[in-house]
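For what it's worth, the UniProt record's numbering labels the leading residue of the sequence shown as 1, then goes sequentially. For glycine and all other residues, C-beta sits at the position ideal for the given N, C-alpha and C. Read through the structure below, which is laid out as structure tokens, and then see the notes.
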Amino acid sequence: ARSFADIGDIVRGKDLYMRNKKKGRLEENSKTIFGNIYKELTGDAQTHYQDNGGNFYQLREDWWTANRETVWKALTCSEQLSNSKYFRPTCGGDEKTGTLTPSQCRCSDKPKPGKRSGDGDVNIVPAYLDYVPQYL
Numbered sequence: 001a002r003s004f005a006d007i008g009d010i011v012r013g014k015d016l017y018m019r020n021k022k023k024g025r026l027e028e029n030s031k032t033i034f035g036n037i038y039k040e041l042t043g044d045a046q047t048h049y050q051d052n053g054g055n056f057y058q059l060r061e062d063w064w065t066a067n068r069e070t071v072w073k074a075l076t077c078s079e080q081l082s083n084s085k086y087f088r089p090t091c092g093g094d095e096k097t098g099t100l101t102p103s104q105c106r107c108s109d110k111p112k113p114g115k116r117s118g119d120g121d122v123n124i125v126p127a128y129l130d131y132v133p134q135y136l
């Protein structure tokens, strides 16, 4: 099983995926994908991300930073997971008063009792979603 954090590590080329025989293929595919992204860059951006080794680690890091929320939404808001029993009450005060995340995406941005405005759970990845990819 892979966690969301593991997906980020794979994208950034920092995954400890050494024991898996598919690692080489995964890494080569990643190099190809980020090589193609690099080819689309122009001027200063291409100079900034130039990587003679072909790993594009800085480009990967910046791409993940810019796109991690979109990747998360794609994983958690997909139609394939809309009726999944994997999604269960998580938002709310405690286990007994929890509510489902609307459309399996996010908790309300309204603060919990005892929290200030802006301290809502909107961007919190519910713990039970840590291993979403194994359910896809």
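Query	Result
Distance, Ile33 Cα to Glu27 Cα	10 Å
Whole-angstrom distance between Asn52 and Asp44, CA atom to CA atom	16 Å
Collapsed DSSP secondary structure at Gln80 in the structure displayed	helix
Inter-residue spacing [alpha-carbon to alpha-carbon] between Thr65 and Lys22	25 Å
Asp44 - containing alpha helix (DSSP H), residue span	Gly43 to His48
Closest residue to Gly24 among Gln46, Tyr49, Trp63 and Asn55 (Cα-Cα distance)	Asn55
Asn29, enclosing alpha helix (DSSP H) - first and last residue	Lys23 to Glu40
Whether Arg68 touches Gly8 by CB criterion (8 Å)	yes
Asp51, DSSP secondary structure in three states	coil
Three-state secondary structure (DSSP) of Lys73	helix
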